[in-house]
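Student: Line order of the protein sequences matches chains A and B. If you read the first sequence in our numbering, its first letter stands for residue 10, the second for the next number, and so on. If you read the second sequence in our numbering, its first letter stands for residue 3, the second for the next number, and so on. Glycine residues also receive a C-beta, built at the ideal position from the N, C-alpha and C atoms. These numbers come from a predicted model, not from an experiment. Pasting a structure below so you can have a look.
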Amino acid sequence: MSQLHYALFTGCTAKQSTPELLSSTLAVADKLGIKITILEEASCCGASHLQDFDEFLAHVLNARNICYAEKLGLTMITICNTCQLNSAMTKHALDTDPELKARVNEKLAEVGLEYKGTSEIKHFLYTLIDEYGLENIKEKVEVPLSHLNIAPFYGCHNIRPSELHHGSNNGENPYNPTSLDSLIDALEGHPVNYDHKNKCCGFHVELQANHTSEVLTGNALLDAIDNDADMMVTPCPLCHLKMDTYQDSVAKVMGRDVELPVLHMPQMVALALGCTEKEIGLNFHVQKATHLQTEATA
Amino acid sequence: MSSNTRKVTIKAFRFNAETDYLPYYKQYKMEVGKDELILDLLNRIKWEHDGSFSYRRSCRHGICGACAIKVNGKATLACKQNAMELLDLFNNELVFEPSSTKRAVKDMIIDKKDFWDKHAAVKPFVVADVDPHPEHESKQSIAEFDKFLDSDLCIQCGACHYSCPALEANPDYLGPAALNAAYRFTVDTRDEAAEERLKLTSEPGVGVWDCVKCFECAEACPKEINPIEKITKLHNMQFEQGVAVSNVATRHAEGFVRSIKKHGFLDEADIVVYSEGYLGMYKHLTTAAKMMKAGKIHWQDGIPFIDNMPKIKNLDEVQKLIEISMTNKL
């Protein structure tokens, strides 16, 4: 296999409140021999909120990000479902609407850029599975996760709307997604089957509709807990922030104890590839997850 | 068994609000053919197994919206959905349920009152003083018609409405179907209630700001309407038409520009302070303290900020693009 090389769109969260996502992503790439070029020029994707304020501006900024991947001639990979969604929505809009593409390019020309539509946009989860390959990952497992029941939490923006994502997520069906389950299998963990694995975590209305947000998080965490999960894993740092940081307040809303370590997808992979606790940054979690590795190495 | 048929067991939700204390599930064995629709299977349960099995059906052509149910949690218009496709997707185990089990009246039949109340609330019709004896039709040009996008293809089946988790958690929320209808009539150039609808749909707890952005509605719609696209348009129209008032939700959307201008990135702590205001920050103190302890944020000068707030390369490009591309304001 020739060396895989991607342009990484880090998103804002991995550069701020979840530094463990960036470090574990780079650790996984390093262990697997995947070359990563970080797009240091890339701005915020708008996270669907800038889109609510000014949709055209959001398209301009996302198109600019994609331009930098195009300049390198690389596939742009994301490590956040919401970055994936918003970048892919802009790509889809520009690739299917020549008039919009021309209007956006008119703005980009002012800063010497042009959106062409030549780079693919793909979440790291799907590049690992479709391009690196589960069989190849299996061969690299040093610390099998066979002692862990792991609840996969897919996050909305990688799987819906399916029509948008099908070109980049191997046709994942949002009503019965399997990619994270198969990755957990490849690392020899036990995927937990539960109804809420493809549901919403409520992150995006945390401020303005707090009750809704807490109920959605609570439903998912408790469903995983009730199905005997030792931990949850998600490819989205926004799901992670919500699920990891708010367990105490969620417990109050749900009227039940809520305690479950939540890992980023690359942290789980890194754990199985033999990375240390420090390398995968478990110390940055609010709900501590240190015992996972102690058990793994025991 | 030929390759064109499959022997399966279907589980169906059963409940009669007049006689049953609790719902239950009953199993029905049948051989399913490759061309059969979910509606055919509903018919066969009734005709071959139990004549009391109840469901709504009418047009059989995906137009009336009566036969919307859920199959393994997936919103399904029974007369449009091939059964084999779902057997493949769900490993030959199908569970038929009404669109909303808690609203079940009899088996697949639900009370859709909440759906129709919300639909009516957005005034889903052209509000205009019309001459009772007009001499011309009140037409729309092709360009005007195009503004509707696909919003007027809605058949009011309720698939999106009963797939919306925001509605499930907050019964006051209008939901995707009503908001899609609000969009349809607000962009109609003959209509005179645009501002009224934009005000209603901007209300906290009721309107577009309670959308959780899960895209369940886009996935659920059997007419492929994508209601959340119209919800985003309504968001934008509130700012374009000066209806948006400053509150935590609108500041949160607009505040992204403030951060991106400064750093290229979103300043995660600043957006919370900016959206909530300093007084509103008290709600977040416990969480902020936990995040600080975990090393996610740091506290200095009484304002939470991220350690070494990063800046993107070529920030000047982003600032220029904001300056020349942004049209909306709060």
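1) Quick check: what's the CA-CA separation for Leu157(A) versus Asp235(A)?
2) Where Arg112(A) and Glu226(B) are concerned, what is the direct C-alpha to C-alpha distance, given to the nearest angstrom?
3) Scan the region 95–152 of chain A and note each continuous beta strand (DSSP E) run of 3 residues or more that stays entirely inside, going in chain order.
4) Beta-carbon within less than 8 Å of Ser52(A)'s beta-carbon, same chain only, minus the 5 sequence neighbours each way: which residues are those?
5) Cα-Cα, which of Ser54(B), Asp113(B), Glu95(B), Leu39(B) is closest to Thr78(B)?
6) Report the option in Tyr135(A), Cys210(A), Ala195(A) whose CA atom is closest to the CA atom of His1(A).
7) Please confirm whether Phe117(B) has its beta-carbon closer than 8 Å to some beta-carbon of chain A.
8) Counting C-beta neighbours from all protein chains within 10 Å, is the total for His265(B) 16 or more, i.e. buried, or is it exposed?
9) Measure the beta-carbon distance from Leu250(A) to Thr22(A) and round it to whole angstroms, keeping in mind my assumption that it falls under 8 Å.
10) Specify, as a first and last residue, the run of the alpha helix (DSSP H) that Asn45(B) falls within.
11) Nearest to Met86(B) by alpha carbon, out of Asp42(B), Ser60(B), Ala171(B)?
12) Which residue comes first and which comes last in the alpha helix (DSSP H) that contains Arg16(B)?
13) Does Phe92(B) have its Cβ less than 8 Å from a Cβ in chain A?
14) Using the C-alpha atoms, what's the distance from Ala56(A) back to Ile111(B)?
15) Against His213(A), what residues of chain B qualify as contacts under a CB-to-CB distance less than 9 Å, listed in chain order?
16) Buried or exposed: where does Tyr23(B) fall if 16 or more other Cβ atoms within 10 Å of its Cβ makes it buried?
17) Roughly how many angstroms lie between the CA atoms of His221(A) and Gln240(B), to the nearest whole one?
18) Taking the DSSP output, what are the residues bridged to Thr158(A)?
19) Any beta carbon from chain A within less than 8 Å of Ala171(B)'s own beta carbon?
20) How big is the Cα-Cα spacing for Lys9(B) and Tyr30(B)?
21) Quick check on His156(A) - is its C-beta less than 8 Å from some C-beta in chain B?
22) Roughly how many angstroms lie between the CA atoms of Met3(B) and Thr11(B), to the nearest whole one?
23) Given a limit of 8 Å on CB to CB distance, which residues of the region 53–81 of chain B reach chain A?
24) DSSP has Lys28(B) in a bridge; who is on the other side?
25) I'd like the list of long-range same chain contacts for Glu29(A), defined as Cβ closer than 6 Å, with 5 residues on each side in sequence excluded.
26) Among Leu31(A), Gly164(A), Pro275(A), whose alpha-carbon lies nearest the alpha-carbon of Asn182(A)?
27) Checking the sheet assignment: what are the DSSP bridge partners for Leu17(A)?
28) Among Val150(A), Ala97(A), Tyr141(A), Tyr77(A), which residue has its Cα nearest to the Cα of Tyr124(A)?
29) For Thr226(A), which residues does DSSP report across the bridge?
30) Which residues, taken in chain order from the region 155–178 of chain A, show a beta carbon closer than 7 Å to some beta carbon of chain B?
31) Under 7 Å Cβ-Cβ, which residues of chain A neighbour Met328(B)?
32) Can you tell me whether Val34(B) is buried or exposed? The criterion is at least 16 other CB atoms within 10 Å of its CB, across all chains shown.
33) Contact check, Phe267(B) vs Lys24(A) under 8 Å by CB: the rounded distance?
34) Between Lys263(B) and the ligand HEM, is the CB less than 7 Å from at least one heavy atom?
35) Could you pull out every residue in the same chain whose Cβ sits closer than 8 Å to the Cβ of Lys263(B), ignoring the five residues on either side in sequence?
36) From the DSSP output, in three-state form, read off Met240(A) for me.
Tutor: Based on what the coordinates show:
1) 15 Å
2) 27 Å
3) 130–132
4) Leu70, Arg73, Asn74
5) Leu39(B)
6) Only positions 10 to 307 of chain A appear in this structure, which leaves residue 1(A) out of reach.
7) no
8) buried
9) 7 Å
10) 40–46
11) Asp42(B)
12) Segment 7–16 is the beta strand (DSSP E) holding Arg16(B); no alpha helix (DSSP H) there.
13) yes
14) 38 Å
15) Cys213, Val214, Lys215, Cys216
16) exposed
17) This sequence places Thr at residue 221(A); His is not what is there. When rounded, the distance between both Cα atoms is 23 Å.
18) Note that residue 158(A) is Asn in the sequence shown, not Thr. In the DSSP output, where bridge partners are listed per residue, Asn158(A) has His199(A).
19) yes
20) 11 Å
21) no
22) For Met3(B), the predicted structure reports a pLDDT of 45, less than 50, and the residue's modelled location is therefore unreliable. The matter cannot be settled from this model.
23) Asn74, Gly75, Lys76
24) Ala14(B)
25) Gly290, Phe293
26) Gly164(A)
27) Ile47(A), Ile86(A)
28) Tyr77(A)
29) Note: Thr226(A) sits in no beta bridge, so no partner.
30) Cys165, Arg169, Pro170, Ser171
31) Asp63, Leu66
32) buried
33) 6 Å
34) Of ligands this structure carries none, so the ligand HEM is not represented either.
35) Val320, Gln321, Ile324
36) strand
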